[in-house]
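**Q** Could you have a look at this structure, given as structure tokens, before my questions?
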Amino acid sequence: MYRKDNQDEFYTRLAQKQGYPARSVYKLKELDEKYRLIRKGDRVLDLGCAPGSWLLYLAQKVGAKGQILGFDTEDVKIPPSANIVFIKKSVFDMTEADLKNKFNVVVSDLSPKTSGIKFMDAGRSLEMAEKAFEIAEKVLRPGGNFVCKIFKNELSDEFFGQMKNYFDFAQRFKPKAVIKKSKELYMIGKGFRI
Numbered sequence: 197m198y199r200k201d202n203q204d205e206f207y208t209r210l211a212q213k214q215g216y217p218a219r220s221v222y223k224l225k226e227l228d229e230k231y232r233l234i235r236k237g238d239r240v241l242d243l244g245c246a247p248g249s250w251l252l253y254l255a256q257k258v259g260a261k262g263q264i265l266g267f268d269t270e271d272v273k274i275p276p277s278a279n280i281v282f283i284k285k286s287v288f289d290m291t292e293a294d295l296k297n298k299f300n301v302v303v304s305d306l307s308p309k310t311s312g313i314k315f316m317d318a319g320r321s322l323e324m325a326e327k328a329f330e331i332a333e334k335v336l337r338p339g340g341n342f343v344c345k346i347f348k349n350e351l352s353d354e355f356f357g358q359m360k361n362y363f364d365f366a367q368r369f370k371p372k373a374v375i376k377k378s379k380e381l382y383m384i385g386k387g388f389r390i
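The sequence shown begins at 197 in this note's numbering and counts up one residue at a time.
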């Protein structure tokens with residue numbers, strides 16, 4: 197059984213204090229500060245957006261002239277915003293109509309419901325990361341940025357090797373807000389090449 201440490205508790209309390217529904221916002225914030233992924237006026241696609249912390253952060257970053265489109269199978273727990281559109285749908289059920297627009301940034305915090313069987317969980321995580329990248333390939337504008345969560349294993353290394361060929365810059369990174377014992381990490385691609 198997992199036991200929270202002080203750092204995990206810190207981010208949970210900070211999220212509550214700052215009005216975010218989940219601590220995951222600090223993962224995206226650190227990624228954005230380190231890699232400069234999101235700019236004012238950007239159009240951003242957020243895959244796996246519930247409970248909504250990333251949506252709130254993104255809406256603030258892109259400002260009134262930007263637009264965020266979020267997809268998830270779960271409801272978001274945030275107030276409505278003029279620059280956020282939420283669609284309750286699985287990324288595996290998205291249609292061409294859902295993907296008709298182009299985006300400056302695609303972010304994915306998709307994660308499987310974990311079973312405790314590491315190999316199976318890693319396989320499901322890889323499947324979600326591959327789907328997120330498949331969607332990104334269709335909707336990213338040239339020069340766009342991509343971020344996706346994945347559970348680290350030998351298959352994730354292979355996926356990263358393929359993904360990085362589509363970007364001017366690619367890197368793997370584990371933000372401080374990730375639970376220390378977690379295999380979770382993020383893959384970043386900047387400067388999408390068609």
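Don't be surprised by glycine CBs; every beta carbon is placed ideally from N, CA and C.
Leaving out five residues before and five after K348 in sequence, what residues of the same chain have Cβ atoms less than 7 Å from its Cβ?
**A** Against the sequence shown, residue 348 aligns to sequence position 152. Excluding sequence neighbours, K348 sits near K379 and L381.
**Q** Please classify A278 as buried or exposed, where buried requires at least 16 neighbouring CB atoms within 10 angstroms.
**A** Your numbering for residue 278 matches position 82 in the sequence shown. Exposed.
**Q** Look at the alpha carbon of F356 and the alpha carbon of E323, and state the distance between them as a whole number of angstroms.
**A** Position 160 of the sequence shown, counting from 1, holds the residue named residue 356. Position 127 of the sequence shown, counting from 1, holds the residue named residue 323. For F356 and E323, the distance between alpha carbons rounds to 13 Å.
**Q** Can the beta-carbon of L265 be found less than 7 Å from the beta-carbon of V281?
**A** The count along the sequence shown starts at 1 and reaches residue 265 at position 69. The count along the sequence shown starts at 1 and reaches residue 281 at position 85. Contact flag set, yes.
**Q** Using only the alpha-carbon positions, how far apart do V302 and K230 sit?
**A** For the purposes of this step, residue 302 is taken as the residue at position 106 of the sequence shown. For the purposes of this step, residue 230 is taken as the residue at position 34 of the sequence shown. Rounded to the nearest angstrom, the two C-alpha atoms are 17 Å apart.
**Q** DSSP on V335, reduced to helix/strand/coil?
**A** If you number the sequence shown from 1, residue 335 lands on position 139. Note: V335 maps to helix in three-state DSSP.
**Q** Going by the beta-carbon positions, is the gap between G244 and L336 smaller than 7 Å?
**A** Indexing the sequence shown from 1 puts residue 244 at position 48. Indexing the sequence shown from 1 puts residue 336 at position 140. For G244 and L336, no; Cβs fall outside 7 Å.
**Q** Quick one: using the 10 Å Cβ neighbour count with 16 as the cut-off for buried, is I234 buried or exposed?
**A** The residue given as residue 234 occupies position 38 in the sequence shown. Classification for I234: buried.
**Q** Thinking I283 and F267 are a contact (beta carbons under 8 Å), I'd like their distance in whole angstroms, please.
**A** Locating residue 283 in the sequence shown gives position 87, counting from the first residue. Locating residue 267 in the sequence shown gives position 71, counting from the first residue. Indeed, because the Cβ distance is near 5 Å, the residues count as touching under 8 Å.
**Q** Just to confirm my understanding: we take A318, look at its own chain, exclude 5 residues before and 5 after, and list those with CB closer than 6 Å. What are they?
**A** Taking the first residue of the sequence shown as 1, we reach residue 318 at position 122. Closer than 6 Å at Cβ, skipping near neighbours: F347 and N349.
**Q** Give me the Cα-Cα distance between A260 and A366, rounded to the nearest whole angstrom.
**A** Looking up residue 260 in the sequence shown gives position 64. Looking up residue 366 in the sequence shown gives position 170. C-alpha separation (whole angstroms): 29 Å.
**Q** Quick check: what's the CA-CA separation for P308 versus S321?
**A** By one-based count along the sequence shown, residue 308 stands at place 112. By one-based count along the sequence shown, residue 321 stands at place 125. For P308 and S321, the distance between alpha carbons rounds to 6 Å.
**Q** Within the same chain, show all residues whose beta-carbon is closer than 6 Å to that of F342, passing over the 5 residues directly before and after it, in chain order.
**A** Along the sequence shown, read from residue 1 onward, the residue named residue 342 stands at position 146. Hits under 6 Å: V302, A332 and G385.
**Q** State buried or exposed for D228, treating a residue as buried only when at least 16 other CB atoms are found within 10 Å of its CB.
**A** Stepping through the sequence shown from its first residue, residue 228 is reached at position 32. Buried is the call here.
**Q** Give me the Cα-Cα distance between M197 and G312, rounded to the nearest whole angstrom.
**A** Position 1 of the sequence shown, counted from the start, is the residue given in the question as residue 197. Position 116 of the sequence shown, counted from the start, is the residue given in the question as residue 312. Low per-residue confidence applies at M197: pLDDT is 37, beneath 50, and the placement is therefore not dependable enough to give any value.
**Q** What is the DSSP secondary structure of N300, reduced to helix, strand or coil?
**A** In the sequence shown, counting from the first residue as 1, residue 300 sits at position 104. The answer is strand: DSSP assigns N300 an E or B state.
**Q** Evaluate A293 with the Cβ neighbour count: other Cβ atoms within 10 Å of its Cβ, from every protein chain shown; 16 or more gives buried, anything less gives exposed.
**A** Walking along the sequence shown from the start, residue 293 turns up at place 97. By the 10 Å Cβ count, A293 comes out exposed.
**Q** Could you work out which residue in K360, D242, Q256 and D364 is closest to K285 when comparing CA atoms only?
**A** In the sequence shown, the residue the question calls residue 285 occupies position 89. Per the Cα distances, D242.
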